[in-house]
Amino acid sequence: MSHDISHILKNWEFDPGKSYRKIVGDDGREKIQVRVDNAAFQGVLQMEMDGRPDGKQPYGYDFALDYYRLSLKRYEKAHGTARGFKLDPASCSELFDESLRIYNRYVFLLQLQDYQRVIRDTERNMELFRFVNRHASREKDRMNLERWWPYILRINGTARAMLTMQEDQDFDAALKIVENTGEKIQNLPRIEVEEFETEKERSLKALAEMEKAIRAHIPQTEIEKLQTDLNRAVAEERFEDAARLRDELEGHKSSEKSLD
Numbered sequence: 001m002s003h004d005i006s007h008i009l010k011n012w013e014f015d016p017g018k019s020y021r022k023i024v025g026d027d028g029r030e031k032i033q034v035r036v037d038n039a040a041f042q043g044v045l046q047m048e049m050d051g052r053p054d055g056k057q058p059y060g061y062d063f064a065l066d067y068y069r070l071s072l073k074r075y076e077k078a079h080g081t082a083r084g085f086k087l088d089p090a091s092c093s094e095l096f097d098e099s100l101r102i103y104n105r106y107v108f109l110l111q112l113q114d115y116q117r118v119i120r121d122t123e124r125n126m127e128l129f130r131f132v133n134r135h136a137s138r139e140k141d142r143m144n145l146e147r148w149w150p151y152i153l154r155i156n157g158t159a160r161a162m163l164t165m166q167e168d169q170d171f172d173a174a175l176k177i178v179e180n181t182g183e184k185i186q187n188l189p190r191i192e193v194e195e196f197e198t199e200k201e202r203s204l205k206a207l208a209e210m211e212k213a214i215r216a217h218i219p220q221t222e223i224e225k226l227q228t229d230l231n232r233a234v235a236e237e238r239f240e241d242a243a244r245l246r247d248e249l250e251g252h253k254s255s256e257k258s259l260d
């Protein structure tokens with residue numbers, strides 16, 4: 001079997017605007033591929049869409065986090081309490097690596113509009129954040145991931161809102177998700193690191209822009225549409241059109257009242 005990937009590179013020209021794709025592998029499993037074009041080399045990165053992105057099963061489990069959770073349960077069973085269970089620096093480093101791999105995947109899943117998997121991956125990483133913060137033996141390990149809470153909450157909220165609109169066309173529910181996500185970010189305990197403040201500001205701004213975009217896509221009722229057209233006609237000093245639209249608007253309002 002040849003290890004040369006020239007035929008893949010030739011048939012997939014690099015496009016910085018669309019450098020990723022979803023494929024089905026020889027094993028029948030879906031995968032993400034990322035086209036790389038560096039000054040020194042060209043290539044393709046590949047990750048699994050389910051399980052760990054690298055396809056590994058640490059300690060025989062789908063994720064390292066699953067193994068450490070089981071270790072905690074065994075400790076609790078043996079000692080009658082979780083007190084005293086600690087993650088050493090090597091274990092924390094392993095979990096940090098796993099969370100980074102999952103992060104790298106959900107960034108591309110979001111671009112692929114695979115919102116179900118984005119929700120799954122962000123929720124798993126949030127569980128990992130909490131587990132490390134609760135059980136790491138060193139303070140710096142406990143706090144290492146806390147700076148990224150604004151970002152991960154924003155991505156999770158974005159995916160949930162987009163999925164709600166995609167599946168149910170429920171714009172009100174999507175707006176509520178965005179609003180609740182913003183409140184969660186606002187209420188996060190402050191972390192004295194630059195990344196936390198930067199991500200908090202960026203995330204709140206992104207959510208505000210998303211709220212505006214959602215509102216712009218909410219289908220207008222006939223009365224709302226007439227009111228919008230009337231406001232535009234007045235602003236543009238098209239007074240004959242404004243008078244006609246005002247009459248239409250009053251007619252629709254009268255019709256609605258008679259039906260109540």
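Under UniProt numbering, the sequence shown is numbered contiguously, ending at residue 260. Where a beta carbon is used, it is the ideal one built from N, C-alpha and C, also for glycine.
Determine the burial state of Leu-70: buried for a count of at least 16 other Cβ atoms within 10 Å of its Cβ, exposed for fewer. Walking along the sequence shown from the start, residue 70 turns up at place 70. Leu-70 comes out exposed.
Can Pro-58 and Tyr-67 be called in contact, C-beta distance under 8 Å? Within the sequence shown, the letter at position 58 stands for residue 58. Within the sequence shown, the letter at position 67 stands for residue 67. Yes, the pair counts as a contact, with Cβ atoms nearer than the cut-off.
Report yes if the CB atom of Val-132 is closer than 8 Å to the CB atom of Leu-188, and no otherwise. Position 132 of the sequence shown, counted from the first residue, corresponds to residue 132. Position 188 of the sequence shown, counted from the first residue, corresponds to residue 188. Cβ distance not < 8 Å, so Val-132 and Leu-188 don't count as in contact.
What is the DSSP secondary structure of Met-1, reduced to helix, strand or coil? The residue you call residue 1 lines up with position 1 of the sequence shown. Looking at Met-1 - three-state DSSP - the assignment turns out to be coil, as it is neither helix nor strand.
Which whole-angstrom value is the C-beta distance of Arg-105 and Met-47, which I expect to be below 8 Å? For the purposes of this step, residue 105 is taken as the residue at position 105 of the sequence shown. For the purposes of this step, residue 47 is taken as the residue at position 47 of the sequence shown. Confirmed, about 5 Å.
Which term fits Gly-251, buried or exposed, when burial requires 16 or more other beta carbons within 10 angstroms of its beta carbon? On the sequence shown, residue 251 is found 251 positions in, with the first residue counted as 1. Counting Cβ neighbours within 10 Å, Gly-251 comes out exposed, since fewer than 16 surround it.
Shortest alpha-carbon distance to Ala-82 belongs to which of Asp-15, Thr-122, His-135? For the purposes of this step, residue 82 is taken as the residue at position 82 of the sequence shown. When only C-alpha atoms are compared, the closest one is His-135.
Rounded to whole angstroms, what is the Cα-Cα separation between Pro-150 and Arg-142? The residue you call residue 150 lines up with position 150 of the sequence shown. The residue you call residue 142 lines up with position 142 of the sequence shown. Cα to Cα, the separation comes out at about 17 Å.
Sub-8 Å separation of Gly-51 and Asp-62 beta-carbons: Locating residue 51 in the sequence shown gives position 51, counting from the first residue. Locating residue 62 in the sequence shown gives position 62, counting from the first residue. Closer than 8 Å, so yes.
Taking Gln-116 as part of the alpha helix (DSSP H), name the residues at either end of that continuous run. Start at 1 with the first residue of the sequence shown, and residue 116 comes out as number 116. Unbroken alpha helix (DSSP H) run through Gln-116: 115-135.
Please determine if the stretch 5-17 and the stretch 27-40 are in contact, where contact requires at least 3 C-beta pairs separated by less than 8 Å. yes
Rounded to whole angstroms, what is the Cα-Cα separation between Tyr-20 and Glu-76? Mapped onto the sequence shown, residue 20 falls at position 20. Mapped onto the sequence shown, residue 76 falls at position 76. Taking the straight line from one Cα to the other gives about 44 Å.
Cβ-based burial, residue 264 [other Cβ within 10 Å; buried from 16]: Outside the shown range of the chain (1 to 260) lies residue 264, about which nothing can therefore be said.
Starting from the Cα of Met-126, find the closest Cα among Asp-4, Ile-152, Gln-113 and give me that residue. In the sequence shown, counting from the first residue as 1, residue 126 sits at position 126. Measuring from the Cα of Met-126, the nearest candidate turns out to be Ile-152.
Going straight from the alpha carbon of Leu-204 to that of Trp-148, what length do you get? By 1-based counting over the sequence shown, the position of residue 204 is 204. By 1-based counting over the sequence shown, the position of residue 148 is 148. Roughly 13 Å between the two C-alpha positions.
Would Ala-159 pass as a contact of Leu-110 if the rule is Cβ separation under 8 Å? Translated into positions along the sequence shown, residue 159 becomes position 159. Translated into positions along the sequence shown, residue 110 becomes position 110. In this structure, Leu-110 lies closer than 8 Å to Ala-159 by Cβ.
Entirely within the stretch 1-45 and at least 4 residues each: give me those alpha helix (DSSP H) ranges in chain order. 6-11
Using beta-carbon positions only, say whether Arg-124 and Ile-102 come within less than 8 Å of one another. For the purposes of this step, residue 124 is taken as residue 124 along the sequence shown, with counting starting at 1. For the purposes of this step, residue 102 is taken as residue 102 along the sequence shown, with counting starting at 1. Cβ atoms of Arg-124 and Ile-102: closer than 8 Å.
If you draw a straight line from the C-alpha of Asp-15 to the C-alpha of Val-107, how long is it? Start at 1 with the first residue of the sequence shown, and residue 15 comes out as number 15. Start at 1 with the first residue of the sequence shown, and residue 107 comes out as number 107. For Asp-15 and Val-107, the distance between alpha carbons rounds to 17 Å.
Glu-146 beta carbon less than 8 Å from that of Ile-191: For this step, residue 191 is matched to residue 191 along the sequence shown. For this step, residue 146 is matched to residue 146 along the sequence shown. Yes, they are a contact pair.
Met-165 - containing alpha helix (DSSP H), residue span: Walking along the sequence shown from the start, residue 165 turns up at place 165. Element bounds for Met-165: 149-168.
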